[in-house]
Amino acid sequence: MHRMLTTLLVAFVFASVAAQTNHQVQMMTLPIEGQEIPAFFFEPMGLCVQPGDTITLVAAGPHHGVTAYHAQHVKSHRVPDGVEPLSSPIVPIGGSWSITLTIPGAYDVW
102 MHRMLTTLLV AFVFASVAAQ TNHQVQMMTL PIEGQEIPAF FFEPMGLCVQ PGDTITLVAA
162 GPHHGVTAYH AQHVKSHRVP DGVEPLSSPI VPIGGSWSIT LTIPGAYDVW
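102 is the number of the first residue of the sequence shown in our numbering; add one for each residue after it.
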């Protein structure tokens, strides 16, 4: 069975910007004909943020959440050193979950 899971890559960019930004990402679900499990993806699939920016993930489809693990747990998903693994609850359609990232680096979440 083919399942399409995509990752959201968040990368920090260092610049002198005083205001913090709230980035919005849609958590999308797309049915796949002939398959019981739909495709889950993020829109946009990548962000560049400043330390202290907040990312709000909005569930545009059912059964969606966001998870990131340390490299020692799952080799294909990473977070910067010093960041604990993170996971949202399953977010209902139209609901949201937010996180403020303060440690610079690349965050792969799925």
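Every residue, glycine too, gets a C-beta built ideally from N, C-alpha and C. No experiment lies behind these values; they were computed from the predicted model shown.
Straight-line CA distance for V192 to S199?
11 Å
| said: I'd like to know if the segment 118 to 134 and the segment 143 to 150 are in contact, where contact means that at least 3 CB-CB pairs between them fall below 8 Å. | reply: yes
What does DSSP give as the partner residue(s) for I200 in the beta ladder?
I156
Under 8 Å, do Q121 and G166 count as touching if we go by C-beta distance?
-> no
Could you compute how far the alpha carbon of W211 sits from the alpha carbon of T155?
17 Å
**Asked** For A160, does the count of other Cβ atoms within 10 angstroms reach 16, so buried, or fall short, so exposed?
**Response** buried
Exercise for review: Closer than 7 Å by C-beta to G196: which residues in its own chain qualify, once you throw out the five before and the five after it? Chain order, please.
Suggested key: A160
- Would DSSP call T122 helix, strand or coil? coil
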